[in-house]
DNA sequence: ATTGATTGGGCTAGTCTCAGACCATTGAGG
DNA sequence: CCTCAATGGTCTGAGACTAGCCCAATCAAT
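Chains as they are written, first to last, in UniProt numbering: chain W, 1 to 241; chain S, 1 to 241.
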C-alpha cells in the first residue's frame, strides 16, 4: 500500500499477451457470457476482424483454436459461419476445486471483490438516475425472462440481467468493466450445482434489486446487490471448504 | 440496450492502439497521476520494459516522444534516467472547454459515471471489510498528507488519497480500474481553478469518507464518496455552462 | 587520474501482425 | 440446372515488434 504498490499498479504489463491470445480470450468471453448464444453464429470474419481491430489472419487463428477446443463449429459457404457449440458443463464440485487451484486463491478473492465493487457501484448509479419508461421496461423484461428461464438458459439470462444494469447507466466503460468482472468468475459460477432453493433465493434478491432501482433508492440498491453477490460468493466458498 | 448493444460491448477492439501508443498512454498515466512525482525518475529502461512487457526499442520510442513533448528530461550515465519535468498547467476555463471539446460530451459523461461507480464501489467494499491497524494508519496518513498539502502538491496527494481506498481493498483489479477511471478525468480536474472554498469543502468530504470507512458503515461510505465526486462533477460542469 | 558499476543509445536478425487480393464452397432463387 | 451473393480459405509483401548484443556516457569510490 506504499508508493511502490502504486508503481506496480500503473506500470503493469501493457498487453496481456499477443494478439492471438487476446483474441481467443475475447471470443471465449462472448461465448461464455452467452452474448452469442449456443446455436447462433459469430459475425462474418471480415466484420468481426474489423470490430476487434485485428487482421483476418489473426482472427482465423483464434477461431481455429476455439474450433479445435470444441467451442465453435465452422461452416463454409453462404449462410455459413462460426456457430457456437459450447454449453456450460454439468456442475460438479470436483471441477470447481480444480479451477480454483488453477486460478489461485488470491486471484479468486481479487475477482470476487472486484465484481462486488463494480456491480454495487453500477446499481447505485442506476438507482440514482431518473429512468425513462423504456429503461424500466428493459429492466423488468430481463427480470421476467430470468424468472421463466429453463435450467438450460438460466446462467445466460442471469448474466444478461446483471449486465443490463450496467448497460442502462449509459456508461460504456462501466458496462465493459462489469462484463469483464463477470467473465472472471463465470466458469466458477457454472460449476456450482443449481439447487431450486438457491434459484428461489436468487429470484427474491433479483426482485429486490429491481425494486430498489425503480424506487430510486441507491442505498437499497447497493445493499441488495451486495447481499446477492455475497450470497453467491459464500456458496462458492462453501463448495471449497 | 438490446442484444446488439452487448455485442458491441464484448466484441470491441482487442487493442487500443499499437504498442508504442499504449506505452505512451501508460507512462503519461504514471506521470499525470503523480505516481512518479515531478523531479523523480522512471525506473531504468531495462527494468521498465520488462515490467511493461515490451521491448526496450518500443519503450525508448515512447520515452522519446514524452521527452519531445516536455514531460521528461532524459540523462545518460550512472545516476541518470528519465526525470519527470511535467507539472500540471495553471488552471484556466479556456483550456477546460478545449479539452472537453476534444473529448466529446458523451465520453465525459461516460468517464464521470464510471468513476462514480467504481470509487463508490471501492469505498463501500472497504468499509465492509475489517481493517488492520496498519490499514487504518495508511488511510489516516493519506488524509493528513492531503490536509497539509501545498497548492503545488494538492492534486497529486488528492489522487494518492483516492487511489489508496481502492488499494486497501486488496483487489489489484479494483485498484487498476480506479486508477484508470481517475486518469480519464485528471486533465479536466487539473484545469479547474482551485479556490480555498472548494478545498475546504473537499477536506470535509474526505474526512467524512474516512470516518465512514473506519466506522465500518458501507452506506455512509458510499454516500460520502458519491457526494464528493458529484460535487467535483458539478464544479466541472459549472465551468462549461 | 583510474576504475567499475549503472545507465541511456543503437544495431541486427528473426518473428508477429497486417492489408489486400484472390480462390473455394455453399445454398437460395430464378 | 444455373447463377450469384455471402462466406470461409489461402497467399504475399510490407511494416511493427522483439530479443539480444555491444557501445557510449556519467560519476562515485578509490
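Where is the CB? At the ideal position from N, CA and C, for every residue including glycine. These numbers come from a predicted model, not from an experiment.
* Whose CA, out of 128/S, 151/S and 24/S, lies closest to the CA of residue 222/W? -> 128/S
Check: Around the Cβ of residue 200/W, are there at least 16 other Cβ atoms within 10 angstroms (buried) or fewer (exposed)?
Finding: exposed
Q) residue 124/S touches chain W at which residues, Cβ-Cβ below 9 Å? A) 116, 117, 120, 121, 124, 222 and 226
For this session: Apply the 10 Å Cβ neighbour rule to residue 148/S and answer buried if 16 or more other Cβ atoms are within range, or exposed otherwise.
Result: exposed
Proximity to residue 88/W [Cα-Cα], best of 131/W, 37/W and 6/W
37/W
**Item:** Contact set for residue 114/S: own chain, Cβ-Cβ below 6 Å, skip 5 residues either direction
**Value:** 181
Quick one, which of 202/S, 82/S, 238/S and 17/S has its alpha-carbon nearest residue 143/S's?
202/S
Considering only their Cβ atoms, is the gap separating residue 163/S from residue 232/S smaller than 8 Å?
no
Is residue 87/S close to chain W, meaning its C-beta is less than 8 Å from at least one C-beta of that chain?
-> no
Alpha carbon to alpha carbon, how far is residue 21/W from residue 83/S? Give it in angstroms, no decimals. 35 Å
Item to check | Continuous alpha helix (DSSP H) stretch holding residue 83/W: start and end | outcome: Note, residue 83/W: premise wrong, no alpha helix (DSSP H); beta strand (DSSP E) at 81-84.
| Taking the alpha carbon of residue 179/W as the point to measure from, which residue in 133/W, 212/W, 151/W and 111/W has its own alpha carbon closest? | 111/W
Opening and closing residue of the beta strand (DSSP E) in which residue 73/W lies: 72-75
Residues of its chain near residue 204/W, where Cβ-Cβ distance is below 6 Å and the 5 sequence neighbours each way are ignored: none
(Q) Whether or not the region 36-55 of chain S and the region 71-85 of chain S are in contact is what I'm after, with contact meaning three or more pairs of Cβ atoms, one per stretch, closer than 8 Å; do they touch? (A) yes
Q) I think residue 308/W touches residue 95/W, with their Cβ atoms under 8 Å apart; what is that distance to the nearest whole Å? A) Residue 308/W lies beyond the range of chain W shown here (1 to 241); nothing can be said about it.
| With a CB to CB cut of under 8 Å and the five nearest residues on each side skipped, what residues in its chain are close to residue 169/W? | 122, 125, 126, 129 and 175
Quiz item: Just how far apart, CA to CA, sit residue 145/S and residue 227/S?
Solution: 22 Å
**Prompt:** What are the residues that DSSP puts in a beta bridge with residue 41/S?
**Reply:** 83/S
Interface residues of chain W around residue 170/S at Cβ under 8 Å? 109, 110 and 113
Review point. Quick one: does residue 197/S have its CB under 8 Å from some CB of chain W?
Key: no
Below 8 Å on the Cβ atoms is my guess for residue 75/W versus residue 14/S; work out the distance and round it to an integer in Å. Wrong, their Cβ atoms sit about 24 Å apart, outside the cutoff.
Q.
Going by DSSP in three states, residue 165/W sits in which element: helix, strand or coil?
A. helix
Handout entry: Helix, strand or coil at residue 4/W [DSSP, three-state]
Key = helix
**Asked** Whose CA, out of 116/W, 214/W, 185/W and 90/W, lies closest to the CA of residue 244/W?
**Response** There is simply no residue 244/W to check, as chain W begins at 1 and stops at 241 in what is shown.
Have a look at residue 229/S and residue 71/S and give me their C-alpha separation to the nearest angstrom. 28 Å
- Under 8 Å Cβ to Cβ from residue 63/S, same chain only, skipping five residues before and after it: list those, please. 27, 42, 45, 72, 74 and 82
- Query: Which two residues bound the contiguous alpha helix (DSSP H) that contains residue 182/W?
  - Reply: 172-191
Task: Expected contact under 8 Å - CB spacing of residue 65/W and residue 24/W to nearest Å - done: 6 Å
Checklist line | C-beta neighbour in chain W for residue 14/S, strict 8 Å | finding: yes
Give the residues of chain W in contact with residue 219/S, contact being defined as C-beta atoms less than 8 Å apart. 219, 222 and 223
message = For a contact defined as C-beta to C-beta under 9 Å, what are the partners of residue 26/S on chain W?
response = 10, 11, 12 and 14
Quick check: the Cα distance between residue 210/W and residue 234/W, rounded to an integer number of angstroms?
22 Å
Open item on the list: Could you check whether the Cβ of residue 147/W sits closer than 8 Å to any Cβ belonging to chain S?
Closed with: no
*Are the CB atoms of residue 11/W and residue 160/S nearer to each other than 8 Å?*
no
Determine, for residue 6/S, whether the minimum Cβ-Cβ distance to residues of chain W falls below 8 Å. yes
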